[in-house]
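Beneath this line is the structure, given in structure tokens, with notes to follow.
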Amino acid sequence: MEKRDAIVVLGNPFMGDEGVGPALLEILRQEPNLPASLDLIDTGGNILNALHSLSGRRKVLFIDCALMGLQPGDSLRFLPAEVETQKQMPRLSLHEGDLLQMLETAKLLGQSAEQVVILGIEPDRVEPGEGLSPTLSSRLGFYLQQILSEFKNPI
Amino acid sequence: MPKNVKIDVHHVTRIEGHGNLVVRATDGVVEKAEWQVPEAPRFFESFVRGRRWDEVQGVVSRICGICSISHSLVAIKAVENAFKIQLTDELNQLRTLTHYSEMLQSHVLHVGYLIAPDLFNVKSVVPLVETHLDVVKKIVALHRAANEWSDLLAGRTTHPITIVPGGFTRIPTQREFRDLHKRLADLVPLAQEVAEVVLSAADKLPGFTRETEYVALKKKGIYAFYDGEIATSDLKELTPVNQFEKVVNEYVTPQSTAKWARWHRDSYAVGALSRYNLNREELSPLAKKWALMFGLGEKVINPYLNSVVQLVECAHVLEHSLAMLENMMTRPPKEAKMGFKVVAGNGSASVEAPRGILFHRYLFNEDGVCTAANLCIPTNQNHGNLQKDVEALVPSILNLSQTDIQKYLEMLVRAYDPCVSCSTHYLDVKFV
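These protein sequence lines are chains A and B, in that order. Per the numbering used here: the first sequence = residues 346 to 500. Per the numbering used here: the second sequence = residues 429 to 860.
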């Protein structure tokens, strides 16, 4: 059976630009020309659930708000191996999470996808409140094109 | 024996803030032993104001990525309480079954990802994969199965969509109930293997004890998770859920941006330990057997054993679910949803979230628009109790190295698994 692809988003729509992933997923759900082999997955506020979205897949694209030292609204496609996490987690609670650590765990378990790609989007505003900042809202169409181009051609 | 101790476990940001642990001791005298909560306010009680009754659960489910089903369920129950909607027993059973899927998800994650690294003396789950691959694979398999269980009943793993005021938008088919029964039956031996692995290393959990007031839901004839009245270890009488503000008695303290709670003492505890201490006799036979296997007595007052009790609850959740499914396989709920009228009202409700008793209250006007809300989460109820544990623990371990003191304190916080930062999970990266 042909392996499937997935777009996985993380984020909270009630924390400003942190919700950029779920906002893009809602737009993607209306997109008429998505490949039939592509699943759309919203893991919400639980990074550990994303572990189960990788196994047996060809390609998985994660979309997440990311502090990358770029200008607010800038987006960048990268591979997990191209970055190091800057997060310092005292591991006091399950409620903290780091996507990169989760991806490493999946790899060590032999439960990763054939290819994992991240689309990081530099936030303008991460604070309690619904809706994206104008900076990110005005670029949703651009992000969408970046996302769709990931699945136009085979790896 | 170190005469001087200086421990600062700080989290880096307020926006993704956790608690801080701060200890100061000079010449063997403890000057400060504090659990501090610096997290920024989340404003969910404001977010729901002005929203319709059928939007509320979708908003509050985003409070937490781990216990979003509990937040949705309690909000929906509060709406039903405000509109005087009575569900059939079958629908309440299906709600309980959905709730159990989250309990298994969360407990397995807590024990497997947060507690197991301490038991096997590694820093996180990543090195644990390298040293104990089989164990981690079992934990992941259990977690995946619990997620699929949520997918089936709640419509998705996190932030449920099929549970609505009045019932469900969809009832699984008889075949789906049968398949779920088979999958859960297969999970029992897997969960048993995980429990035995934890048992083999349970002596690594510190032997610290401190008695406190224990608070949980209680209902005759059942180990209460989804429904009941408020019980405390300090009183024989139960308190109705619509009086929960008299229980929590929220107050502010300079060391925390979150509100704390107290009832008959300086603090009280909620969570698996409280549920066990108040409802132990209602556990399923398998759960009682596991409790015996771990040597748990009638009352457990070691907070580090919270995770062990969570495992015992996993046995109960699986066994009770199998019993409920046997009914549903032959007699699935006839109606997915009860009819009702939207009216002005004041509705309150409670469920046991994985981390303890959870309360929501909403006021609705005649159009069903929310005009006020009060949400009281388990972690806030536990902060004061955690502080009292820290105060009692530190003097008793001052003879240890500073590294070990810090380790035991961090393990204590992990035992509670405070739910204080599900708001954000953004990446923070440097290109290499």
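For each residue, glycine too, the CB sits at the ideal point set by N, CA and C.
Excluding the five sequence neighbours on either side, which residues of its own chain have a C-beta within less than 6 angstroms of the C-beta of B:Glu-459, listed in chain order? Here residue 459 of chain B is taken as the residue at index 31 of the second sequence, counted from 1. These residues qualify, in order along the chain: Arg-452.
Would you mind reading off the limits of the alpha helix (DSSP H) that contains B:Val-433? Along the second sequence, read from residue 1 onward, the residue named residue 433 of chain B stands at position 5. Unbroken run through B:Val-433 is the beta strand (DSSP E), 433-437; no alpha helix (DSSP H).
For B:Thr-660, the first and last residue of its enclosing beta strand (DSSP E): Position 232 of the second sequence, counted from the first residue, corresponds to residue 660 of chain B. Where B:Thr-660 is concerned, the enclosing beta strand (DSSP E) starts and stops at 657-660.
What runs of the alpha helix (DSSP H), each 4 residues or longer, lie entirely inside the stretch 445-488 of chain B? 472-475 and 484-488
Apart from the five residues just before and just after B:Asn-432, which ones in its own chain have a Cβ nearer than 8 angstroms to its Cβ? Here the question's residue 432 of chain B lines up with position 4 in the second sequence. Hits under 8 angstroms: Ala-453, Thr-454 and Asp-455.
Could you tell me which chain A residues have their CB closer than 8 angstroms to the CB of B:Cys-492, listed as they occur along the chain? One-based indexing of the second sequence puts residue 492 of chain B at position 64. The answer, in chain order, is Gly-390 and His-440.
Identified DSSP bridge partners for B:His-788: Translated into positions along the second sequence, residue 788 of chain B becomes position 360. Its beta-bridge partners are B:Ala-777 and B:Leu-803.
Among B:Phe-605, B:His-560, B:Val-616 and B:Arg-606, which has the Cα closest to the Cα of B:Leu-570? Working through the second sequence from its first residue, we reach residue 570 of chain B at position 142. Checking every option, the nearest Cα to that of B:Leu-570 belongs to B:Val-616.
B:Thr-637 (DSSP reduced to helix, strand or coil): Counting from 1 along the second sequence, the entry for residue 637 of chain B is found at position 209. Note: B:Thr-637 maps to coil in three-state DSSP.
What did DSSP end up calling B:Gln-683 once you bin it into helix, strand or coil? Numbered from 1 along the second sequence, position 255 holds the residue referred to as residue 683 of chain B. Note: B:Gln-683 maps to coil in three-state DSSP.
At the 8 angstroms Cβ level, is B:Ser-469 part of the contact set with chain A, yes or no? Here residue 469 of chain B corresponds to residue number 41 of the second sequence, with the count starting at 1. Before going on, a small fix: residue 469 of chain B reads as Pro here, not Ser. For B:Pro-469, the answer is yes, since a Cβ of chain A falls inside 8 angstroms of its Cβ.
Please report the distance separating the alpha-carbon of B:Asp-607 from that of B:Glu-741. On the second sequence, residue 607 of chain B is found 179 positions in, with the first residue counted as 1. On the second sequence, residue 741 of chain B is found 313 positions in, with the first residue counted as 1. Approximately 23 angstroms between the Cα atoms of the pair.
Is the stretch 479-492 of chain A in contact with the stretch 443-456 of chain A, if contact means three or more CB pairs nearer than 8 angstroms? no
Output, in sequence order along the chain, the residues in the stretch 354-365 of chain A whose CB is closer than 8 angstroms to any CB in chain B. Leu-355, Gly-356, Asn-357, Pro-358, Phe-359, Met-360 and Glu-363
Spell out the partners DSSP gives B:Phe-596 in its beta bridges. For the purposes of this step, residue 596 of chain B is taken as residue 168 along the second sequence, with counting starting at 1. Paired residue(s): B:Ile-591.
Can you give the Cα-Cα distance for B:Ser-498 and A:Phe-496, rounded to whole angstroms? Taking the first residue of the second sequence as position 1, residue 498 of chain B is located at position 70. Taking the first residue of the first sequence as position 1, residue 496 of chain A is located at position 151. C-alpha separation (whole angstroms): 36 angstroms.
At a Cβ cut of 8 angstroms, what residues of the stretch 452-472 of chain A count as close to chain B, listed as they run along the chain? Leu-453, Leu-454, Gln-456, Ile-463, Gly-465, Pro-468, Val-471 and Glu-472
On the DSSP bridge list, what partners appear for B:Trp-688? By 1-based counting over the second sequence, the position of residue 688 of chain B is 260. For B:Trp-688, the pairing in a beta bridge is given by DSSP as B:Tyr-679.
Which of helix, strand or coil DSSP assigns to A:Gly-486: Along the first sequence, one-based indexing puts residue 486 of chain A at 141. If DSSP states are grouped into helix, strand and coil, A:Gly-486 belongs with the helices.
Across which residues does DSSP place A:Gln-433 in a beta bridge pair? For the purposes of this step, residue 433 of chain A is taken as residue 88 along the first sequence, with counting starting at 1. A:Gln-433 is not bridged to any residue.
Is the Cβ-Cβ distance between A:Ile-492 and A:Leu-448 less than 8 angstroms? By one-based count along the first sequence, residue 492 of chain A stands at place 147. By one-based count along the first sequence, residue 448 of chain A stands at place 103. Not closer than 8 angstroms, so no.
To the nearest angstrom, report how far apart B:Ile-599 and B:Gln-834 are at their CA atoms. As a first step, residue 599 of chain B is located in the second sequence; it is residue number 171 there, counting from the start. As a first step, residue 834 of chain B is located in the second sequence; it is residue number 406 there, counting from the start. Their backbone Cα atoms lie some 49 angstroms apart in a straight line.
Looking at chain B, is there any beta carbon in it that lies within less than 8 angstroms of the beta carbon of A:Leu-437? Reading the first sequence from its first residue, position 92 is the one you call residue 437 of chain A. It does; some Cβ of chain B falls within 8 angstroms.
A:Arg-436 and A:Arg-349 look like a contact to me (Cβ under 8 angstroms); what is the Cβ gap, rounded to whole Å? To locate residue 436 of chain A, count along the first sequence from 1; it is residue 91. To locate residue 349 of chain A, count along the first sequence from 1; it is residue 4. Incorrect: roughly 33 angstroms between the Cβ atoms, too far for contact.
Using the Cβ count rule (16 or more neighbours within 10 Å means buried), how would you classify B:Asn-705? The residue labelled residue 705 of chain B in the question sits at position 277 within the second sequence. That one is buried.
With 16 other Cβ atoms within 10 Å as the buried cut-off, status of A:Arg-374: Indexing the first sequence from 1 puts residue 374 of chain A at position 29. Classification for A:Arg-374: exposed.
Taking the straight line between their C-alpha atoms, what separation do you get for B:Asp-614 and B:Glu-604? Within the second sequence, numbered from 1, the residue matching residue 614 of chain B stands at position 186. Within the second sequence, numbered from 1, the residue matching residue 604 of chain B stands at position 176. If I take the Cα positions, the gap works out to 15 angstroms.
Do the stretch 747-759 of chain B and the stretch 709-721 of chain B make contact, defined as three or more Cβ pairs closer than 8 angstroms? yes
Buried or exposed, going by whether 16 or more other CB atoms sit within 10 Å of the CB of B:Phe-859? Translated into positions along the second sequence, residue 859 of chain B becomes position 431. Label assigned to B:Phe-859: exposed.
Three or more C-beta pairs below 8 angstroms linking the stretch 514-531 of chain B and the stretch 650-664 of chain B: yes
Check whether the Cβ atoms of B:Lys-687 and B:Leu-666 lie closer than 8 angstroms to each other. Counted from its first residue, the second sequence places residue 687 of chain B at position 259. Counted from its first residue, the second sequence places residue 666 of chain B at position 238. No, the pair does not count as a contact, with Cβ atoms beyond the cut-off.
Using CA coordinates, which residue listed in B:Val-457, B:Lys-512, B:Asn-793 and B:Gly-767 is at the minimum distance from B:Leu-826? Counting from 1 along the second sequence, the entry for residue 826 of chain B is found at position 398. The residue with the shortest Cα to Cα distance from B:Leu-826 is B:Val-457.
When you compare the CB of A:Thr-480 with every CB in chain B, is at least one pair closer than 8 angstroms? In the first sequence, counting from the first residue as 1, residue 480 of chain A sits at position 135. No, no contact with chain B.
Contact set between the stretch 832-845 of chain B and chain A, restricted to residues whose Cβ is under 7 angstroms from the partner: Glu-838, Val-841, Arg-842 and Asp-845
Going by CA-CA distance only, name the one from A:Gly-361, A:Thr-388, A:Glu-427 and A:Phe-487 that's closest to A:Val-353. By one-based count along the first sequence, residue 353 of chain A stands at place 8. Nearest option by C-alpha distance: A:Thr-388.
Kindly say whether B:Asn-774, judged by its beta-carbon, lies nearer than 8 angstroms to any beta-carbon of chain A. As a first step, residue 774 of chain B is located in the second sequence; it is residue number 346 there, counting from the start. No, no contact with chain A.
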